[in-house]
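Engineer:
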RNA sequence: GGGCGAUUAGCUCAGUUGGUAGAGCGUCACGCUUACACCGUGAAUGUCGGGGGUUCGAGCCCCUCAUCGCCCACCA
């Protein structure tokens, strides 16, 4: 420490300088390696420390952290810091997530806005390079934010889900799954994002109501032999997406409309039986409508059903295609026209119908960019699905007289699925996808939670986890993106002919097996282990290769290069490829072997990358070096706790468990803590896009990291999300402007007070240059006032302590200073030590059970009320008494020391700042030689000091109740003073009537009554009498009622006192009344437990006594 | 439609095994008492969302309704 140094002897400011403390100590901790965990680290006694590991939920490199992240990471830091102090080999593994779609989308959007370029302009390489730049920038910012809030991550082990180590793990996992047959490629209907041109998972889709229409179209019936005279000539269908009709493959009608009506009616009847009177009206109406509809529609639908069974065809307008009328239960007679068009390639439910009627096939009418493809008549090709194509289809249907805009269009609100990433509408789309089979994997992860190997806190979230996994839906893992782990699969066509038919079958089989053999030989010769790849025949003329070894990429690329350059020669039929390649100088035997087969298309790597969650799933072991059997992996896996928010229980937590079990054979963590979510003042999730996000650094700057952390911990309750109304702080005049739904979307705001404009966080992405030049208004919340006040209180309590301890080391050497172990402790000393022991135990327990709010509240109350309000106030008096000074110093130093340790996980900077100062004046802060607190290396920083252990021998329930008597009497004296409006500077006298034992206890406290209430006691005990003119109060002591009589002869305010007494009596009388009622109730007396009854009786007698004496006092006043 | 959570002082939230309700902020009154005015002392403020039930006794247990939020499913 140089110019930044602190000296306990110097003047300390009366306000805690959070900025200075943060600047000073984080650097020191990091440089000294306190956050670094080595496998096999030993404690002072030479024993290997037990591991305690947390892997960070890696923040997305999409953008900077918000308050939710600060919350999540503060809780983790509290755990890791406490465990480190408890002597665990505590590892907090940090890192960031590449967040495939999200990051690519952000960079692409930026690229478009700033340079009007699309990703296709840059190409794969170019775009990825841009994204890496983005990543570098935001990773730096994120790490900076984490450090600013004090997170004690092991930065030497920083990982990124797309770095080499993680890539290795991803590849190994994919390969193993592939080899196990758990990965397959299938056609599936996916949620297609036409903007990003990628599939997104169900979890990344949100529904948004938009105004739309319900369109009714008529399809003409083909009047061939199967059609009978008199039957309908048209079938009407309804749709919200008219353009998809071009991909229709059928129209369905229910196979048994009568039964379907029966069923719906029965359900309705059941509902009515259970309904309340209020609900019955609408239900009745519904039933009537249904009955009417049945009468009107049933014959018609049955006719259609018969037509369907006969195989009647329909003419699909605009396409010239004929499609069948089919019978399928998907058609609901009670809805719309009772008929439904079937578009298997573009609708989830229709796809399911298609599965039941495979002969229908599926017609894909869409290009990846959301335009119509050449599967539709030429005039529609290239039109946009839900805009131009829709308009064209509607216009043409109208022209054909099959649609009447007056009659056949209903207004309707439609819940349209949108991509969470691009915020554009989703199109259901039939595409080739890679899937992971979930049956066994999901089961293994379910078992781990069911049998308790993984414990989820709060327990109720176990249900979310199990319900989701229980569906065992296969996991689509491919993403049509460039930013991510590319799928390590290649395909090749192995026929020399290019045509496949029966005639060539034998030849193809031969070529295929030749190809597999040659490729195997080649890769092996390239030094790739035979068990690091698999090659399979997937079709008679096609092979697929998957490899876990990164070098395979190079080997195959080299091969491809040769192929490309010698393609012309290679196409000669019948000529072995190797004979050509051998002509190439330096071409090795091994390489040429791979060309001893013929092909019409060479090895091509899969274009898709893996879902982000695939790499996230491996996070607990990939970060530790798996598949390498590193010392870290052995020492720190399985990890201990995972701290996250509930929205990724399924996406992330479940997948980590199954991946951990699959790769490691062991669960990735034994405990999962799900913390509440931070919401804004309207109860909405905070997000950048809503404009209600808070940058934790704004809070750090204004309130300090300690206040931020303590405030967050204080709010981490079990069931309640954290609601946090936020405000803009005007950068000109510092006045606060409440954030509203309206102003949070603004780029610039004018201050209510000074009228000057400032920019909001929105300006960064949406503002003009002029807006961006304005000073920025920070977003803050007064929720953090609590933390700031608390920190300041702690600072000042510490300042007081340090001032009074400044001569401590000197007094230590003086004769007569009380030695360790022989301390003549006063009541308040013993009380404080008892409270400390209790609180130490409770806080430790609370943090270990993830009850952060409880821990924070306990410490808050102990530090503020017990330590400051009572102990410090009382010690003030004792410092003036030479024979008491030494003891008070010792206890003060000891308790402050313990308090700093207990608070350090929540309030790291302030505690370190004070710890350093305390160390300068008091080296030994123990109460006994054995319990010496600060010693050796641990004394250097509170960060590595030992976590306090509750000293059970100090817990003394009797002392605590006795002390409560003192507090009660003091409270009564103060209250009486106030009631009489006695100025604080005025000294008063009082008497206390109580039993002998209580008197004995209270009497020695006399100085404190003087000190804390400017009151002198004239008499104590059963014989004490009230002064002539008194204001009196009664409190309940541990041994019965205690009367407090304040001499008010000099101050008497009769009216005020009468009023006070009358009110008091009224209150007690109400109490007596309810107790009398209770006690006269035979049921209560006979059935309630005897001790409860007895207690009530005593209370009744006591309260009656109180009323009597109050009435007497009242009488005396006239 | 299914599941989960919430509903307690003006605001934000605690409330331990059922025994006539607590904190912080805000408000009011009095104090710059030699650590702290980001402080101290005191005060006021509640039909514990509505209704029913179990119990001698319910903020807490059970049923039900209402409102809000989240998750899942569904929506031609």
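Residue numbers (the numbering used here): 15 to 1132.
Think of the CB as a built atom: it goes at the ideal place given N, C-alpha and C, for glycine as much as any other residue.
Look at the alpha carbon of residue 1018 and the alpha carbon of residue 974, and state the distance between them as a whole number of angstroms.
Structural biologist: Roughly 16 Å between the two C-alpha positions.
Engineer: On a CA-only basis, which of 755, 714, 143 and 857 is nearest residue 802? Give me that one, please.
Structural biologist: Residue 714 is the option with its Cα nearest to residue 802.
Engineer: Which term fits residue 108, buried or exposed, when burial requires 16 or more other beta carbons within 10 angstroms of its beta carbon?
Structural biologist: Residue 108 comes out buried.
Engineer: Based on the DSSP secondary-structure assignment, which residues constitute the bridge partners of residue 1047?
Structural biologist: Per DSSP, 1058.
Engineer: Determine whether the beta carbon atoms of residue 709 and residue 844 lie at a separation below 8 Å.
Structural biologist: No, Cβ-Cβ distance for residue 709 and residue 844 is not below 8 Å.
Engineer: Quick check on the DSSP output: the beta strand (DSSP E) that includes residue 479 runs from which residue to which?
Structural biologist: No beta strand (DSSP E) contains residue 479, which is instead part of the alpha helix (DSSP H) from 475 to 484.
Engineer: Measuring CB to CB, does residue 492 end up less than 8 Å from residue 622?
Structural biologist: For residue 492 and residue 622, yes; Cβs fall inside 8 Å.
Engineer: Which value, in whole angstroms, describes the spacing of the CA atoms of residue 486 and residue 673?
Structural biologist: One C-alpha to the other measures close to 15 Å.
Engineer: Please go through the segment 623 to 705 and give each complete beta strand (DSSP E) segment of 3 or more residues, from N-terminal end onward.
Structural biologist: For the segment 623 to 705, whole beta strand (DSSP E) runs of length 3 or above, ordered along the chain, are 653 to 659, 683 to 689 and 692 to 694.
Engineer: Our contact map puts residue 371 next to residue 442 with C-beta atoms below 8 Å; I'd like the distance itself, whole angstroms only.
Structural biologist: No, residue 371 and residue 442 are not in contact; Cβ-Cβ is about 18 Å, not under 8 Å.
Engineer: Based on DSSP bridge pairs, tell me the residues matched to residue 336.
Structural biologist: DSSP, once it has assigned bridges, lists 329 as partnering residue 336.
Engineer: Thinking just about the alpha-carbon of each residue, which of 36, 928, 453 and 807 is nearest to the one in residue 873?
Structural biologist: When each option's Cα is compared against that of residue 873, the closest is 807.
Engineer: Hey, how far is the Cα of residue 773 from the Cα of residue 79?
Structural biologist: About 19 Å.
Engineer: Is the segment 260 to 274 close to the segment 312 to 319, with three or more CB pairs under 8 Å?
Structural biologist: The segment 260 to 274 is in contact with the segment 312 to 319.
Engineer: Return the first residue and the last residue of the alpha helix (DSSP H) that residue 34 is part of.
Structural biologist: Segment 32 to 45, the alpha helix (DSSP H) holding residue 34.
Engineer: Residue 210 by DSSP, collapsed to three states: which one?
Structural biologist: Three-state DSSP puts residue 210 in coil, outside helix and strand.
Engineer: Would you tell me roughly how many angstroms separate the C-alpha atoms of residue 206 and residue 212, rounded to the nearest one?
Structural biologist: If I take the Cα positions, the gap works out to 6 Å.
Engineer: Near residue 585, what residues of its chain come up, given a Cβ to Cβ distance below 6 Å and the 5 sequence neighbours on each side ignored?
Structural biologist: Note that residue 585 scores 42 on pLDDT, short of 50, meaning its location in the model is unreliable and no value can be drawn from it.
Engineer: How far does the beta strand (DSSP E) with residue 559 in it extend, from its first residue to its last?
Structural biologist: Note, residue 559: beta strand (DSSP E), 556 to 561.
Engineer: Provide the residue span of the beta strand (DSSP E) that contains residue 165, from first to last.
Structural biologist: That residue, residue 165, is in no beta strand (DSSP E); it is neither H nor E in DSSP.
Engineer: What residues match up with residue 226 in a beta bridge as DSSP calls it?
Structural biologist: 426.
Engineer: Ignoring anything shorter than 4 residues or poking outside the segment 166 to 206, list the alpha helix (DSSP H) runs there in chain order.
Structural biologist: Qualifying alpha helix (DSSP H) stretches, in chain order: 178 to 193.
Engineer: Indicate the three-state DSSP secondary structure (helix, strand or coil) for residue 380 in the structure shown.
Structural biologist: In the structure shown, residue 380 sits in a strand (DSSP, three-state: E or B).
Engineer: Check the DSSP bridge columns for residue 352 and list the partner residues they point to.
Structural biologist: None; residue 352 has no bridge partner.
Engineer: Which of the three DSSP states is assigned to residue 232 in this structure?
Structural biologist: Residue 232: strand per DSSP, three-state reduction.
Engineer: Mind checking who residue 69 pairs with in its DSSP beta bridge?
Structural biologist: Beta-bridge pairing links residue 69 to 107.
Engineer: To which residues of the same chain is residue 14 closer than 6 Å at the C-beta, ignoring the five residues directly before and after it?
Structural biologist: Outside the displayed span of the chain (15 to 1132) sits residue 14, for which this structure offers no information.
Engineer: Should residue 1039 and residue 1131 be called a contact, given that it needs their Cβ atoms to be closer than 8 Å?
Structural biologist: Not a contact, by the Cβ cut-off of 8 Å.
Engineer: Assuming residue 552 is part of the beta strand (DSSP E), what are its boundary residues?
Structural biologist: Note, residue 552: beta strand (DSSP E), 547 to 553.
Engineer: Could you give the first and the last residue of the continuous beta strand (DSSP E) run that contains residue 446?
Structural biologist: It spans 440 to 450 - the beta strand (DSSP E) in which residue 446 sits, taken as one unbroken run.
Engineer: Ignore the nearest five residues each way along the sequence and tell me which others in residue 619's own chain have a CB closer than 6 Å to its CB.
Structural biologist: Cβ within range, chain order: 504.
Engineer: In angstroms, rounded to a whole number, what distance separates the CA positions of residue 476 and residue 470?
Structural biologist: Approximately 6 Å, taken between the alpha carbons.
Engineer: Nearest-angstrom Cα distance between residue 1029 and residue 27?
Structural biologist: Cα to Cα, the separation comes out at about 33 Å.
Engineer: Could you spell out where the alpha helix (DSSP H) holding residue 1101 opens and where it closes?
Structural biologist: That run of the alpha helix (DSSP H) goes 1096 to 1101.
Engineer: Taking Cβ positions, are residue 1 and residue 496 nearer each other than 8 Å?
Structural biologist: Lying outside 15 to 1132, the shown extent of the chain, residue 1 is not represented and no answer is given.
Engineer: Let me check one thing: in DSSP terms, what residues is residue 433 bridge-paired to?
Structural biologist: Its beta-bridge partners are 219.
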